[in-house]
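Undergrad:
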Amino acid sequence: GAVVSQHPSRVICKSGTSVKIECRSLDFQATTMFWYRQFPKQSLMLMATSNEGSKATYEQGVEKDKFLINHASLTLSTLTVTSAHPEDSSFYICSASGGQETQYFGPGTRLLVL
Amino acid sequence: QKEVEQNSGPLSVPEGAIASLNCTYSDRGSQSFFWYRQYSGKSPELIMFIYSNGDKEDGRFTAQLNKASQYVSLLIRDSQPSDSATYLCAVNPGNDMRFGAGTRLTVKP
Numbered sequence: 002g003a004v005v006s007q008h009p010s011r012v013i014c015k016s017g018t019s020v021k022i023e024c025r026s027l028d029f030q031a032t033t034m035f036w037y038r039q040f041p042k043q044s045l046m047l048m049a050t051s052n053e054g055s056k057a058t059y060e061q062g063v064e065k066d067k068f069l070i071n072h073a074s075l076t077l078s079t080l081t082v083t084s085a086h087p088e089d090s091s092f093y094i095c096s097a098s099g100g101q102e103t104q105y106f107g108p109g110t111r112l113l114v115l
Numbered sequence: 043q044k045e046v047e048q049n050s051g052p053l054s055v056p057e058g059a060i061a062s063l064n065c066t067y068s069d070r071g072s073q074s075f076f077w078y079r080q081y082s083g084k085s086p087e088l089i090m091f092i093y094s095n096g097d098k099e100d101g102r103f104t105a106q107l108n109k110a111s112q113y114v115s116l117l118i119r120d121s122q123p124s125d126s127a128t129y130l131c132a133v134n135p136g137n138d139m140r141f142g143a144g145t146r147l148t149v150k151p
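Residue numbers (our numbering), protein chains in the order written: chain A, 2 to 115; chain B, 43 to 151.
(1) Do aspartate 138 of chain B and the ligand FMN come close, with the Cβ less than 7 angstroms from some heavy atom?
(2) Please specify which runs of the beta strand (DSSP E), each continuous and at least 3 residues long, are wholly inside the stretch 54 to 137 of chain B, giving them in chain order.
(3) Counting only C-beta atoms, is glutamate 87 of chain B closer than 8 angstroms to chain A at any point?
(4) I think threonine 83 of chain A touches lysine 67 of chain A, with their Cβ atoms under 8 angstroms apart; what is that distance to the nearest whole Å?
(5) Express the C-alpha separation of methionine 48 of chain A and cysteine 65 of chain B in angstroms, rounding to a whole number.
(6) Check whether the stretch 84 to 96 of chain A and the stretch 102 to 119 of chain B touch, using three or more Cβ-Cβ pairs below 8 angstroms as the test.
(7) If we ignore side chains and look at the alpha-carbon of each, how far apart do alanine 31 of chain A and lysine 56 of chain A end up?
(8) Within the 8 angstroms Cβ cut-off, does isoleucine 70 of chain A reach chain B?
(9) Would you call the stretch 45 to 57 of chain B in contact with the stretch 22 to 29 of chain A, where contact means no fewer than 3 C-beta pairs closer than 8 angstroms?
(10) Along chain B, which residues have their Cβ under 9 angstroms away from the Cβ of tyrosine 105 of chain A?
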């Protein structure tokens, strides 16, 4: 149980375009979803926390207008990177929690902005 | 002081040995503690969680928690080359989870 999927697994885009990443909990209802970013050989960095039906809470230094998060249902959250630039290239990972404290991670989305 | 501290490693052990991974945390009110494994280029996967002081065993893995010392560890018995990965310690002090930077473990055949 506790399977989380992400789509797409890999995306390459041109600078200035927007990219949407989906995160789904497949076999449980995720009351809270988390979005992380990880640069090569660095640790996970929490970007934001979202609860179903409410606005996401962003970590300090993360631009909410650039990283749009929508948690429209108990099984789906989306992260949209708007006007992506090369410095946004990273590994984006979502996780989901179903009310217990344990977070289950999706497989991640590797974003490359040219 | 970081909220969750781990030795970055690399920690190298021979195959069949016990690997010991350590983690300290700063928030004394933390109630739940997690160990995740992350292979290179992959996302983290949960190995175990522990809430109470003492040891918790699951197969070759044993988590140890000492709240008085604010210390949590993970022991891997009979280490295998497939255990080579980065191990992340995570602590939940309240409403969210804080991760350590991870310890890179290499198990040599």
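Cβ atoms here follow ideal geometry from the backbone N, Cα and C, with glycine treated the same way.
Note that this is a predicted model, so its numbers are computed, not measured.
TA: In short:
(1) In the structure on display, the ligand FMN does not appear, and there are no ligands present to speak of.
(2) DSSP runs (the beta strand (DSSP E)) wholly in the stretch 54 to 137 of chain B: 61 to 67, 74 to 80, 87 to 92, 96 to 100, 103 to 108, 113 to 118, 127 to 134.
(3) Here residue 87 of chain B is taken as the residue at index 45 of the second sequence, counted from 1. Glutamate 87 of chain B counts as touching chain A.
(4) Here residue 83 of chain A corresponds to residue number 82 of the first sequence, with the count starting at 1. Here residue 67 of chain A corresponds to residue number 66 of the first sequence, with the count starting at 1. With 8 angstroms as the limit, threonine 83 of chain A and lysine 67 of chain A qualify as a contact, their Cβ atoms being about 6 angstroms apart.
(5) For the purposes of this step, residue 65 of chain B is taken as residue 23 along the second sequence, with counting starting at 1. For the purposes of this step, residue 48 of chain A is taken as residue 47 along the first sequence, with counting starting at 1. Computed Cα separation, rounded: 23 angstroms.
(6) These segments do not touch.
(7) Within the first sequence, residue 31 of chain A is the residue found at index 30, counting from 1. Within the first sequence, residue 56 of chain A is the residue found at index 55, counting from 1. Computed Cα separation, rounded: 15 angstroms.
(8) The residue labelled residue 70 of chain A in the question sits at position 69 within the first sequence. Chain B contact via Cβ: absent.
(9) Counting Cβ pairs under 8 angstroms, fewer than three are found: no touch.
(10) On the first sequence, position 104 is the one that residue 105 of chain A refers to. Ordered by position in chain B, the residues that pass the 9 angstroms Cβ test against tyrosine 105 of chain A are Glu87, Leu88.
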